Structure formats: C-alpha cells, structure tokens
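To convert a position in the sequence shown, counted from 1, into the numbering used here, add 1361.
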Amino acid sequence: MRILVVEDDDNIRAMLEELLTSSGHTIFTAHHGQEALERLQAQPVEMVLTDWMMARLDGLELIRRIRSSSFPDYIYIIVLTAKGGKDDVVTALQAGADDYLTKPFDLEELEARITAGERRLSLEQQLRQARDTAIAQAQRDTLTGILNREGIMEQAEAALALAQREGRSMSIALLDLDQFKEINDEHGHLIGDQALQLLSETICRALRTGDWLGRWGGDEFLIVFAGASIAGACQAGERVRRLLSMT
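Encoded structure:
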C-alpha cells in the first residue's frame, strides 16, 4: 500500500519509513502539511500518517484540505500526535481523520491500525466495484448486451453536452428493422432474438471508436455519432446499411 508519512521530526519520520518499508509498503515522506499536499497532487496514496503540530501547515489543516479536495479515491488518515486529550481526539476526528494514535506509540499497535485501515479501504473498493457493476448492468440490454434505452440516452446527453461545450457537431440515427414482426410470427421468438443479437453485433463492427449503440426498444436501435456532422453521420449510416445488407 502507498503511504505518505507527514512528520517534522527527522528521527520519527525515518523510523516510520524504515518500519513501514520493511512491512512491504511504498512510503513517501513530507516534512509538513504544505509539502504533503504537493506530494499528494503528484502521487496519490491510499493512506496518510500525519503529525498534528507542524510548521507552515499543521496536520489538522492538512486533513481538512484533503477532505475538501477531489482526489480520485478515498484517503485513510491516521493522526500521530502527543496531543492525547479527549477534546483533541474529537477535534481530529471531526476534521476528517479516520484514526488517532498518541505519541509515544507502540509500533505493533500502529501496524495493527494500518492493517485495519487497509481492510476498510479494501471493503470500500469492493463496494464501489459492486455499485459500478450494478449501474453498468442496469444500463445494458439483457438480450443483446448493448446499451438499453436508459444507457443510450445517457450517452446521447453526454455527447450533446460535449458538443455544446466545444462547439462541435454530434448526430443521432434511429434504426428500425423492417418486417421484424413477420420474422417472429413465421420463425418464432427464438429466431427473432438471434436476429436482434446478430444485428447488434453487425452494427457495432461498423461503428467508429467513440460512437454508441443502444436498443431503443423492440426492433429499434439508436446510434450516437459523437462529434459527427449530419454528412458524416449519413456516411456512417450508409456504411452500417451496406454491412447489414451483406449479413
């Protein structure tokens, strides 16, 4: 795990770096809060161990700035300080610290608290992945695997917002499969489903990177041509039509 140690005492900082490196962690160090923020911008970490009383920017203000920043992932913060009063603990936790250890601290206890922090970060990552998977699955058509109506609408809105922001074009095409009802009536729904799957796969092969295909409903499909003018979308649509005619 990547850990940033923020400590103005050279001996304590060196001791922590040696201990945590020997435990298999990748360690970065900073002498004060301002240096810590600069390091975090250059090299994100999973955990910060920080002293409280430091020059330039103390540990409490460092914690507040970390919590108010938009780092991509949650940073677990343990405060290491000689300030051991109940009010101090409450103040640090309210500022955004996850744990608190009073100096002089026991190294075995510190390692145990770091391990506990790792467990929490691991669980949060699993929850994020499960949530992202659930969201992705909710936006997929179960038959074809392409985006469903909700998913393709989200991509269309995103493409439109980007086009408006950058002064570019974007186009949308609606495809309707002719005589699909007759296919179902004559050959059955299983064959109809296979036809929709084949249609989806064929269209996907004809699209450019950055274009999106979604099932609008039944035998209707929506294509989002990101950054494409009407002329460009017509050319892409013709390419799709030709490929489908050979299927």
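We put the CB at the ideal spot given by N, CA and C, even for glycine. Fair warning: this is a prediction, and the values are worked out from it, not measured in the lab.
- For a cut-off of 8 angstroms, the C-beta gap from Asp1502 to Phe1541 is around 15 angstroms, too long to register as a contact.
- With fewer than 16 other Cβ atoms inside 10 Å of its own Cβ, Glu1399 counts as exposed.
- Scanning Ser1429, Arg1425 and Ile1584 for the CA closest to the CA of Gln1516 turns up Ile1584.
- Annotation for Arg1489: no residue places its beta carbon closer than 7 angstroms to its own, counting only its chain and skipping 5 residues before and after.
- Residue range Gly1420 to Ser1429 is occupied by the alpha helix (DSSP H) that includes Ser1429.
- DSSP lists Val1367 as the beta-bridge partner residues of Ala1391.
- Between the segment 1431-1449 and the segment 1389-1399 there are fewer than three inter-stretch CB-CB distances shorter than 8 angstroms, so the stretches are not counted as touching.
- Judged by DSSP in its simplified three-state form, Phe1466 adopts coil rather than helix or strand.
- When the Cα atoms are used, Asp1448 and Leu1454 turn out to be separated by approximately 10 angstroms.
- For Leu1441, the uninterrupted beta strand (DSSP E) segment begins and ends at Tyr1437 to Thr1442.
- Note on Thr1505: 16 or more other CB atoms within 10 angstroms of its CB, so buried under the neighbour-count rule.
- Assigned with DSSP and collapsed to three states, Ser1561 falls in helix.
- It is roughly 28 angstroms from the alpha-carbon of Leu1482 to the alpha-carbon of Asp1370.
- Separation of Ala1497 and Ala1522 (C-alpha to C-alpha, rounded to the nearest whole angstrom) is 21 angstroms.
- Judged by DSSP in its simplified three-state form, Arg1576 adopts strand.
- DSSP places Glu1599 inside the alpha helix (DSSP H), whose first and last residues are Ile1591 to Ser1606.
- DSSP places Ala1456 inside the alpha helix (DSSP H), whose first and last residues are Lys1447 to Ala1456.
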